[in-house]
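Participant: To start, I am sharing the structure in question, which I have written as structure tokens.
Numbering (the working numbering), first residue to last: 11 to 271.
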């Protein structure tokens, strides 16, 4: 059935979400919250999020997708978007999911895609009520991404103009760069005890798959349960049928094991 359109409140703004509930669930269902990427939205390219959400529903798991403030249909301007702001938004989405009728608040999972993977790491490190997580092509090492973008623009953080930097047909605000300084998603993730699956297309040219392997190696070194899965022929958007199918099957199996097992 079609998802239920919902509103999630964060910092006084309304965020638009889509709630996918499994049919004929006998018990309170586990729930998974999806965090989209940079310049993304709650559908994502190739309809990745709703496709995954429906597969979760078929397994008796609820799903919530939403647009961060300043993205998609939610309140706010994209040029005011910051990673700390998205971390707050993600917390509010998890809080919302825990209160949904028919969802088991003790069995909540998170999917973070690209920049949403970075956001997810911070969320996992800051709370103890998430039971499992899957990161898709996570942009974990934000300082490297920002450094590369500023180098392309010939700028330092302190010299980013007040009006921001153009990014395609949008503008990345100055506050995005200034507030990201010092964020450490890997360190945040090490504070978590959540079973973590990292999935990366081995042909990803936007976020190096080496970053996913590096994150898992770091977590394993701290005794944390994590696993890396590389998808041969998969790009950043898992944009071929074989890559998408593999992404979905790995993610579904992970949440069935850790949220339903």
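Cβ coordinates follow ideal geometry from the N, Cα and C atoms, glycine included.
Starting from the N-terminal side, write out each stretch of the alpha helix (DSSP H) that is 4 residues or longer and does not extend beyond the segment 75 to 129.
Facilitator: With a minimum length of 4 residues, the continuous alpha helix (DSSP H) runs that stay inside the segment 75 to 129 are 93 to 108.
Participant: Under the three-state reduction of DSSP, which class applies to residue 137: helix, strand or coil?
Facilitator: Coil at residue 137, not helix or strand.
Participant: Quick check: the segment 230 to 240 against the segment 148 to 163, are there 3 or more CB pairs under 8 Å?
Facilitator: Judged by Cβ distances under 8 Å, the segment 230 to 240 makes no contact with the segment 148 to 163, as fewer than three pairs qualify.
Participant: Using 8 Å as the threshold, is the C-beta distance between residue 86 and residue 143 below it?
Facilitator: Not a contact, by the Cβ cut-off of 8 Å.
Participant: What ranges does the beta strand (DSSP E) occupy inside the segment 169 to 211, keeping only unbroken runs of at least 3 residues that lie completely in it?
Facilitator: Qualifying beta strand (DSSP E) stretches, in chain order: 175 to 177, 180 to 182, 206 to 211.
Participant: In whole angstroms, give me the CA-to-CA distance for residue 117 and residue 89.
Facilitator: Distance between the alpha carbons of residue 117 and residue 89 is about 35 Å.
Participant: Compute the Euclidean distance between the alpha carbons of residue 239 and residue 46, then round it to the nearest angstrom.
Facilitator: Approximately 20 Å, taken between the alpha carbons.
Participant: Hey, how far is the Cα of residue 170 from the Cα of residue 180?
Facilitator: Straight-line Cα distance between these residues: approximately 16 Å.
Participant: Is residue 25 helix, strand or coil when you go by DSSP?
Facilitator: Strand, per DSSP.
Participant: Report buried or exposed for residue 19, applying the criterion of at least 16 other Cβ atoms within 10 angstroms of its Cβ.
Facilitator: So residue 19 ends up on the exposed side.
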